[in-house]
Amino acid sequence: MRITKLLILALLMLTGKMASASAYWLEVKGNGKPGQPVTVILCYGSMDDKGIRQRDTGTELKLTGDFKFWIIDPEGKKESLTLTMQKDSWQGTFTPKIKGTYRIIGMNDKHPVVDRSASGGENIRPVDYLCAAYQVAGEQPVVTMPLQAFDMISELKDGFVTIKAFNRNKPAPAGTQLRVFNPDNWEKELTLDTNGEARFYAPIKGLYIIRQDKFEAAPGELNGVKYARIRHRCNYYLLVK
0 MRITKLLILA LLMLTGKMAS ASAYWLEVKG NGKPGQPVTV ILCYGSMDDK
50 GIRQRDTGTE LKLTGDFKFW IIDPEGKKES LTLTMQKDSW QGTFTPKIKG
100 TYRIIGMNDK HPVVDRSASG GENIRPVDYL CAAYQVAGEQ PVVTMPLQAF
150 DMISELKDGF VTIKAFNRNK PAPAGTQLRV FNPDNWEKEL TLDTNGEARF
200 YAPIKGLYII RQDKFEAAPG ELNGVKYARI RHRCNYYLLV K
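Residues 0 to 240, numbered by numbering that gives the first Met the number 0, are exactly what the sequence shown covers, in order.
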């Protein structure tokens, strides 16, 4: 049975033009057939010098369980996906019943505030969104609607990727910057047009990560720590075969 692996990598820090840092990633394993179980695996770790992902098992892995996930089937039906902690990951399973595209979305608004008060900096509350897709037989239709407040969708045709970004369920403003990480972890910047879209060529097979960051002036307090802004980060995976 052929196993399809879908990986989503939410990079946390960057150095220069090549990404090299601890990260979340999502593996989705299944054979692409209806009625067959699909396993969703959420990991936290980093890449070693050979570009191999190494899973961490410490505190960050425990905190990874704060992500909440949902599956949306081709007819638009939404159901929650429960992940349970394993030795080096969090895992959950769902069974697709019909052919079509299943979208997988995740959100974590439980991250601790990034406290920069000791150095006189601004405290930021991070909120993360993850999004991916899983195809069950047939051709993949063009998806046009967002499923969470900060979301992205894509269309791949003739090697070109058109990406559409959403902020608060509306097309992201023209001029918004996106960052693309190719399978070698090199970074490219894109600028959205008036339709909230951008386009790039994907010549290398493998995993592409498209990221948008949005800072929102929304002062508040979380777990006794005050913050001035919220940083919304949405990471979208695209596996080019």
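Positions of the beta carbon are idealized from the N, C-alpha and C atoms, including for glycine. A quick note: this is a predicted structure, and the numbers were derived from the prediction, not measured.
Query, Result
"Sub-7 Å separation of D127 and N107 beta-carbons", "yes"
"For L41 and L246, the rounded distance between their alpha carbons", "Residue 246 lies beyond the residue range present for the chain, which begins at 0 and ends at 240; the question has no answer from this structure."
"Bounding residues of the alpha helix (DSSP H) (the contiguous stretch that carries T193)", "Counting along the chain, T193 falls outside any alpha helix (DSSP H), and DSSP gives it neither H nor E."
"Residue range of the beta strand (DSSP E) that includes E26", "22-29"
"Buried versus exposed, by CB contacts within 10 Å (16 or more), A173", "exposed"
"CA nearest to the CA of I162, picked from V179, Q147, R178, A197", "A197"
"Nonlocal neighbours in the same chain, by C-beta distance under 8 Å from T83, ignoring five residues either side", "W89, Q90, G91"
"Sequence-distant residues of its chain with Cβ nearer than 6 Å to P95 (five each side left out)", "P33, Y101, V135"
"Nearest neighbour of N30, chosen from T38, D72, W24 [CA to CA]", "T38"
"Contained alpha helix (DSSP H) runs [length at least 4] in the region 59-122, N- to C-terminal order", "none"
"Residues that DSSP places opposite R230 in a beta bridge", "P125, F214"
"Inter-residue spacing [alpha-carbon to alpha-carbon] between G249 and A217", "The structure shown does not extend to residue 249, since the chain spans only 0 to 240, so no value can be given for it."
"Pairwise C-alpha distance: N166 and R228", "16 Å"
"Same chain only: Cβ atoms within 7 Å of A148, ignoring 5 sequence neighbours per side", "R167, N168"
"Proximity winner among R210, K156, I208, A164, relative to L191 (alpha-carbon distances)", "A164"
"C-alpha gap between I71 and R115, whole angstroms", "38 Å"
"Three-state secondary structure assigned by DSSP to G205", "strand"
"Reference G64; option with closest CA among G119, I152, E121, H110", "H110"
"Status (buried if at least 16 other CB within 10 Å, exposed otherwise) for A132", "buried"
"Through-space distance from V239 to A201, alpha-carbon basis", "8 Å"
"Same chain, Cβ closer than 8 Å to K98, five either side skipped, listed in chain order", "P33, P73, V135, A136, G137"
"T38: first and last residue of the uninterrupted beta strand (DSSP E) it sits in", "37-46"
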